[in-house]
Every structure is written in structure tokens, then in C-alpha cells.
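K.L.:
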Amino acid sequence: WSKTLARTGCRNVCSSPSRLQSMSAWVIDQYGSSGVLRHTEEIAIPSINFANEVLIKVSAASLNPLDVNMRGGYGATLLNLRRDPLSVMSSFSEFPLILGRDLSGVVVDCGSEVTHFAPGDEVWAAVPPWKQGSLAEYVTLTEYEVSYKPKSLSHIEAASIPYVANTALSALVNAGGLCRENSLNKRVLITGASGGVGTFSIQLLKTWGAHVTVTCSQNAEGLVRGLGADEVVDYTAGDVAEQLEIMEKFDVILDNVGGDTEEWAMGLLKPWSGAKYVTLVSPLLLNTDSMGLLDGTLRAGLTLHNKAFQNITSAGVFYRWAFYAPDGPTLDEVSQLVDAGKILPVVEAQFPFTQVPQAFQKLEQGHARGKTVVKVA
Ligand code: NDP
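Take any residue in the sequence shown, note its place counting from 1, add 236, and you have its number in the working numbering.
Shown next as C-alpha cells:
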């Protein structure tokens, strides 16, 4: 996955005016269930604090399982460290906190060193979890985190892609070792393929020429086959491991389900081949939340080390955790694939900005078939 689109050339230089206006946003003032979501018209429009930042007017946002988890306090220990690394802010509080990780919108202002974007540009982005989110009229991001929105998509469609794209690419490329050049005929298994990350990953891997097997519920078979899946295993129709064990073994497994999946999935990899199991469901943030930063990180590090060591020495396969990584240049390349018609948005449901709590309820019900999007403006 090469960064082929060089981000060069000075597009525009402008400075951030001082902003006193307030904006409309959904915030939480404490962690909890759906009742903690509050709509306000009185939160300040974010200002451009660094010369490399852009201010974006959000047209659409989408929700991810992370938003539901963060609403309940998931990851707060590690994310607060990122928000205030040296504990320099005596009265630091993450509240009022704005959730929402994806956006599609329009640049309205740029820091003095922004070279790639100008006011009026239509952009999309995934907002890092430690920053104020996209369930708001405006978001500030660094230009590295932002990318030109695909011209062929509406804002609603575009908002469904950035976070799952950055996550899938981080997992498949950085952890899974796959890329456009080496994936031809590689056998890849995706568990939980009917959700946001899975529906994107199937399409990306098919553009790279991989052979893609997926697990999902029976009623998602039409969706995943339509996106290109070669083999579909219904995990609700008996023992999923038994159904997969009779197949040829895999080069890479992307696990979107977690739980006990790794107990049976490691045996599905080609032994002594450097095959890789990559899970997006790791205990790192749960550990730091429950044990504190130091003990939680040590515990997670030990768990990862032990599992990786045991698998590489006993079967010659890699065991890895993957995480979302903000990356605008990667989204530039995804944008090209979308405009070439190789990757389609999978929008399952959309809600108006007044119904953000209902959008969260939809997500909490599970059984996603692609993404839930909120029309912000
Ligand atoms: P979604 O909720 O969009 O999708 C999950 C999908 O899995 C649903 O379609 C669900 O449908 C299906 N599913 C549930 N149980 C099983 C099962 N046992 N076997 C097969 N399919 C199953 O989640 P995302 O795609 O957005 O994310 C996937 C996972 O990755 C989540 O746990 C998320 O928290 C995590 N994640 C981690 C990131 C990181 O940085 N580490 C970043 C992004 C995501 P149904 O129940 O109907 O079968």
C-alpha cells in the first residue's frame, strides 16, 4: 500500500480567525448508557490551534462500535493520557465529550502551514479517538488526517468509509503484511465480515486479487457475496471451526469477532509459512481501564508476547493485534478506488442529526450490515 499520491504544492495559505460562535453538537458530560447523550447549541466552534490544522464543516458522520464503547467510558485511561500527556492542565476534563469517528464535509478554514487543502474543498476523514468527534457541526483535524472525498459519493455515502478503511488497512497491511502487489491468490479469512470493517475489507482484498472466505450469519450471505466474497460460512449453522477446517488453509485471518475465535482460528493458518492471524479485538484498552495505565499496559504486553511466542514456536504462524491508525494519505488511495467503482459504500441506515440517540440504539442492537450514518447538515 504505497503512498503514491504525493502531498505537495502550496494550495492556499490562510489563517484561523478568532472564533467566538457556538455550534450544534451531541455531547456527553459523563460516561453511561444512551441517556447521557445531550444535544447542545452552545459548545464553542473548535479553533485552529496549530498551523497544520484545518477546520471542517461536517455534512455527515457515521457511528462505529467504538462510539458505543466510548460512551460507556471504554479506553478513557489511555485516551486521557493522549489528550493531556503531561497532566499539565490542572482542571483537565474530557467532558463535554463529542463522539463520532467518521466525517465527510467541507474545509472552511486552514492553519498557516496547511499546503494540501483550501477552504471549499470537499473532504473525508476518520477522527482519532482522543480528539473531539464528528457528531458536531465543526471538527478540527491536522491536514495529515484529512483526504479529498471521493467525487462519486454523496457526503452520506462517504461518511461510511474512513474509519473502517483506516482500520482495515492498518490490520491487513501493517499487521497482516498484505498489499496490492503481494495479495494475488492469497487465501484470506475474514470473521464477522458483514459489519463495517468486514464489508470494506472484502472489497479491498478482491481489488488486490486475494481469495476471500468469510464468516457471517446466513441472512448476510447475499450482501457479502455481492461485495465479492468467494466462500461464505454461516456461523449460525453449526460449528464454524468444523466448517472451516475442511477448507484449504489460510495465509491471513482478519478477526472482527474476538472472544474464543483465536482458539480455533490459529489452526486454520498454513503452518510454518509465516501466515498471520490478526485480531481487531484486543484487551489493551480494557486492561488499562481496569488496572491503570502501567499495570494494564504491562499485562496486555505480556499477553501479546506469550501468545505470539507460543504460536511462532509451535506452528510458525504469527499472532498479532491491530488498531485503527489515522492516515489521510491512505484515504487518498481509497478515494481513488471508490471513484474507480472498485469499492462501494455500504450504508445500512441513516438518521437525521436530531436522532443521534436512535442511531446509537441501532448500533447497540448489533447485527450490523455495513454502516449507520448520521446526516449532520
Ligand atoms: P460491526 O458491529 O459493524 O460488525 C460486526 C459484525 O459481526 C456484524 O455484522 C455481526 O452480525 C457479525 N458477527 C457477530 N458475531 C459474529 C460471529 N460469531 N461470527 C461471524 N460474524 C459475527 O463491527 P465493525 O466491523 O465496525 O468492527 C468489528 C470489530 O472490530 C468490533 O469488535 C470493533 O470494536 C473492532 N474494532 C477495533 C478497532 C481497533 O482499533 N482495534 C477498530 C475498529 C473496529 P451478526 O451478529 O448478525 O452475525
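C-beta atoms are modelled at their ideal positions from N, C-alpha and C, and glycine is treated no differently.
(1) Between ILE426 and ASN492, is the Cβ-Cβ spacing less than 8 Å?
(2) Between which two residues does the beta strand (DSSP E) harbouring HIS447 extend?
(3) List the endpoints of the continuous alpha helix (DSSP H) containing THR313.
(4) Answer yes or no: do TYR384 and SER258 have a C-beta to C-beta separation smaller than 8 Å?
(5) Just to confirm, are ILE397 and VAL342 a CB contact at a threshold of 8 Å?
(6) Within 7 Å: the Cβ of PRO301 and any heavy atom of ligand 1?
(7) Taking its Cβ as the centre, do 16 or more other Cβ atoms sit within 10 Å of ASN300, making it buried, or is it exposed?
(8) Quick check: what's the CA-CA separation for GLU484 versus PRO507?
(9) Can you say whether GLU278 is buried or exposed, counting buried as having 16 or more other CB atoms within 10 angstroms of its CB?
(10) Taking just the CA atoms, how far does PHE545 sit from SER295?
(11) Assuming GLY376 and GLY528 form a contact by the criterion Cβ under 8 Å, report the distance between their Cβ atoms to the nearest whole angstrom.
(12) LEU333: which of GLY445, ARG416 and ARG274 sits nearest, CA to CA?
(13) For ALA511, which residues from the same chain have a beta carbon less than 6 Å from its beta carbon, with the 5 sequence-adjacent residues on both sides left out?
(14) Less than 7 Å separating the Cβ of ALA604 from some heavy atom of ligand 1?
(15) Could you please give the first and the last residue of the uninterrupted beta strand (DSSP E) stretch that includes GLN601?
(16) Going by DSSP in three states, TRP360 sits in which element: helix, strand or coil?
P.N.:
So, from the listed chains and residues:
(1) Here residue 426 corresponds to residue number 190 of the sequence shown, with the count starting at 1. Here residue 492 corresponds to residue number 256 of the sequence shown, with the count starting at 1. Taking 8 Å as the cut-off, the Cβ atoms of ILE426 and ASN492 count as close.
(2) Locating residue 447 in the sequence shown gives position 211, where the first residue counts as 1. Where HIS447 is concerned, the enclosing beta strand (DSSP E) stretches over 447–452.
(3) Working through the sequence shown from its first residue, we reach residue 313 at position 77. Note, THR313: alpha helix (DSSP H), 312–319.
(4) Within the sequence shown, numbered from 1, the residue matching residue 384 stands at position 148. Within the sequence shown, numbered from 1, the residue matching residue 258 stands at position 22. Not in contact: TYR384 and SER258 (Cβ atoms no closer than 8 Å).
(5) Within the sequence shown, residue 397 is the residue found at index 161, counting from 1. Within the sequence shown, residue 342 is the residue found at index 106, counting from 1. Going by C-beta atoms, ILE397 is not nearer than 8 Å to VAL342.
(6) Residue numbering aside, residue 301 sits at position 65 when the sequence shown is read from its first letter. PRO301 Cβ: within cutoff of ligand 1.
(7) Position 64 of the sequence shown, counted from the first residue, corresponds to residue 300. With 16 or more Cβ atoms within 10 Å of its Cβ, ASN300 is classed as buried.
(8) The residue given as residue 484 occupies position 248 in the sequence shown. The residue given as residue 507 occupies position 271 in the sequence shown. Roughly 12 Å between the two C-alpha positions.
(9) Numbered from its first residue, the sequence shown carries residue 278 at position 42. Counting the other Cβ atoms within 10 Å of the Cβ of GLU278 gives fewer than 16, which makes it exposed.
(10) As a first step, residue 295 is located in the sequence shown; it is residue number 59 there, counting from the start. As a first step, residue 545 is located in the sequence shown; it is residue number 309 there, counting from the start. Roughly 46 Å separates the two Cα atoms.
(11) Walking along the sequence shown from the start, residue 376 turns up at place 140. Walking along the sequence shown from the start, residue 528 turns up at place 292. Looking at the sequence provided, one finds Thr at residue 376 rather than Gly. The beta-carbon separation of THR376 and GLY528, rounded to 30 Å, does not stay under the 8 Å limit for a contact.
(12) Here residue 333 corresponds to residue number 97 of the sequence shown, with the count starting at 1. The shortest C-alpha separation from LEU333 is found at ARG274.
(13) Position 275 of the sequence shown holds residue 511. So the list reads ASP487, LEU505 and VAL553, once near-sequence residues are dropped.
(14) One-based indexing of the sequence shown puts residue 604 at position 368. Yes; taking the cut-off as 7 Å, the Cβ of ALA604 has a heavy atom of ligand 1 nearer than that.
(15) On the sequence shown, residue 601 is found 365 positions in, with the first residue counted as 1. Here GLN601 belongs to no beta strand (DSSP E), and DSSP marks it neither H nor E.
(16) Against the sequence shown, residue 360 aligns to sequence position 124. For TRP360, the three-state secondary structure derived from DSSP is strand.
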